[in-house]
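A.B. asks: Residue numbers (my numbering), protein chains in the order written: chain A, 46 to 141; chain B, 187 to 504.
(1) Output, in chain order, the set of chain A residues within a Cβ distance shorter than 7 Å of residue 232/B.
(2) Suppose you measure from the CA of residue 484/B to the CA of residue 106/A; what does that come to, to the nearest Å?
(3) Three-state secondary structure (DSSP) at residue 362/B?
(4) May I have the straight-line CA-CA distance separating residue 538/B from residue 192/B, to the nearest angstrom?
(5) What residues in its chain sit with their C-beta under 6 Å from that of residue 307/B, if we drop five residues either side in the sequence?
(6) What residue range does the alpha helix (DSSP H) around residue 423/B cover?
(7) Closer than 7 Å by C-beta to residue 413/B: which residues in its own chain qualify, once you throw out the five before and the five after it? Chain order, please.
(8) So, with DSSP's three-state summary, where would you put residue 60/A?
(9) Under 9 Å between beta-carbons, which chain B residues line up against residue 110/A? List them in chain order, please.
(10) At which residues does the beta strand (DSSP E) containing residue 299/B begin and terminate?
(11) Tell me the residue span of the alpha helix (DSSP H) that contains residue 376/B.
(12) Helix, strand or coil for residue 333/B? Go by DSSP, reduced to three states.
(13) Could you tell me the distance, in whole angstroms, from the CA atom of residue 56/A to the CA atom of residue 130/A?
(14) Quick test of your reading: residue 356/B and residue 315/B, contact by CB under 8 Å. State the CB separation rounded to the nearest angstrom.
(15) Please list, in chain order, all residues of the same chain as residue 442/B whose beta carbon is under 7 Å from its beta carbon, the five residues on each side excluded.
(16) By how many angstroms is the C-alpha of residue 202/B removed from the C-alpha of residue 227/B?
(17) Quick check on residue 279/B: buried or exposed, where buried means 16 or more other Cβ atoms within 10 Å of its Cβ?
(18) For residue 67/A, decide whether its Cβ has a neighbour in chain B, counting only Cβ atoms nearer than 9 Å.
(19) For residue 386/B, tell me which candidate among 299/B, 339/B, 363/B has the shortest Cα-Cα distance.
(20) Of all the CB atoms in chain B, is at least one closer than 9 Å to the CB of residue 105/A?
(21) Examine chain A for any beta-carbon lying closer than 9 Å to the beta-carbon of residue 278/B, and answer yes or no.
(22) How do the region 85 to 97 of chain A and the region 114 to 128 of chain A stand: do at least 3 beta-carbon pairs fall below 8 Å, yes or no?
(23) Indicate whether at least one CB of chain B lies closer than 9 Å to the CB of residue 116/A.
(24) Return the bridge partner residues of residue 71/A from the DSSP annotation.
(25) Residue 395/B: which of 431/B, 430/B, 455/B, 427/B sits nearest, CA to CA?
(26) Quick one: which chain A residues come within Cβ less than 9 Å of residue 264/B?
(27) At the 9 Å Cβ level, is residue 71/A part of the contact set with chain B, yes or no?
(28) So, with DSSP's three-state summary, where would you put residue 498/B?
(29) Just to make sure I have the definition right: I need the residues of chain B whose C-beta is within less than 9 Å of the C-beta of residue 82/A. Which are they?
(30) Check whether the Cβ atoms of residue 260/B and residue 310/B lie closer than 9 Å to each other.
(31) Using DSSP's beta-bridge definition, name the partner residues of residue 442/B.
(32) Who are the neighbours of residue 51/A on chain B, taking C-beta pairs under 7 Å?
(33) In whole angstroms, give me the CA-to-CA distance for residue 410/B and residue 342/B.
(34) Skipping 5 residues on each side, what residues in its chain have a beta carbon closer than 6 Å to that of residue 128/A?
(35) For residue 370/B, which option in 384/B, 328/B, 340/B, 313/B has the closest C-alpha, if you only look at C-alpha atoms?
(36) Just to confirm, are residue 334/B and residue 273/B a CB contact at a threshold of 9 Å?
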């Protein structure tokens, strides 16, 4: 028996309704973009009504590494002055 | 200044802290080798089960007694194929290739759920599989949808949503037979009697003999032991069988009023071990059919590859 063909890995993103963001739902294998779209439809759109599908070659995605997460994302919560609650407009009628 | 790289002990401690905190482990994250191996084992067996699961029901598509039953069966079999794909993709995130996984199934070395090594003798069996086997799968998969490995949990969430339809279409088939002619009702009863014990065995060996359970529970891959899941299933099924007038083939089945639980009688584990070792009536046949299907589809994969190669060449032309 011939060895199974190795196809490219594609990541699949679907938009569930107009105006919603595309979200990642999984991945499929396909020889080219056209078949990737077709396979994504067969695999991830068997029931739910979808508005659109994106397929992206998995190796084209640039992702942060887990070990970099602390350095990349740590400053967020520390910067309280970036959130509305940090600011308290003066209100003379109300005691604070 | 470069920090000293953490030792495996430190990494393992941190890993277990993340598990305890309910965090999900994702493909690029550090994980113990044993965790990776166990997940590959579980997810690939699960994927193979979905794929092999198409075969016993596929037999009944052309013989379904009405158009409604035929489209239901077709949809279900197509779903099982989709579930296999979700799961193969989840296994691949752990560093195994699709080709290795498929090759293991075709060579007969891969394990899959022993339930599919039983034949579907009558139309009632097509319904009973949906009602019992898919319901057992829902119990197991509802728990796995909370598993600590992100890609596995996400695949399970999609699968669970679709399995509800499988279970209901199966129960509808069996309930229609159960309220039909005496011969139809007998066909439903016989089918329940054939599938009851094999379905209970699907949850795996008893807790006292389960080799992997303790570690898998510690890693939150599993959430409940085999016996606890089996018990949950029995308590779902007793009222369902009762509602359609069928009798569960277990003379020792009894209601434990104190615990408010149904308790099943002893299970013949020798049969389970025989079927698991490839001794089920259909074991060789299932793999043979899979091989033939793989061969028949080879030209489609080759054509897709040739078409893609032609277009890649065309793009390179000035």
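Where is the CB? At the ideal position from N, CA and C, for every residue including glycine. Here the structure is a predicted model, which means the values were calculated and not measured.
C.D. replies: Let me lay it out:
(1) Chain A residues near residue 232/B: none, gap ~15 Å exceeds 7 Å.
(2) 30 Å
(3) helix
(4) An answer regarding residue 538/B cannot be provided, because it is not within the stretch 187 to 504 covered by chain B.
(5) none
(6) 412 to 429
(7) 392, 393
(8) strand
(9) 214
(10) Counting along the chain, residue 299/B falls outside any beta strand (DSSP E), and DSSP gives it neither H nor E.
(11) 368 to 387
(12) coil
(13) 38 Å
(14) 6 Å
(15) 449
(16) 20 Å
(17) buried
(18) no
(19) 299/B
(20) no
(21) yes
(22) no
(23) no
(24) 57/A
(25) 455/B
(26) 87, 91
(27) yes
(28) helix
(29) Within 9 Å Cβ-Cβ: nothing; residue 82/A doesn't reach chain B, min ~13 Å.
(30) no
(31) 447/B
(32) 285
(33) 16 Å
(34) none
(35) 313/B
(36) no
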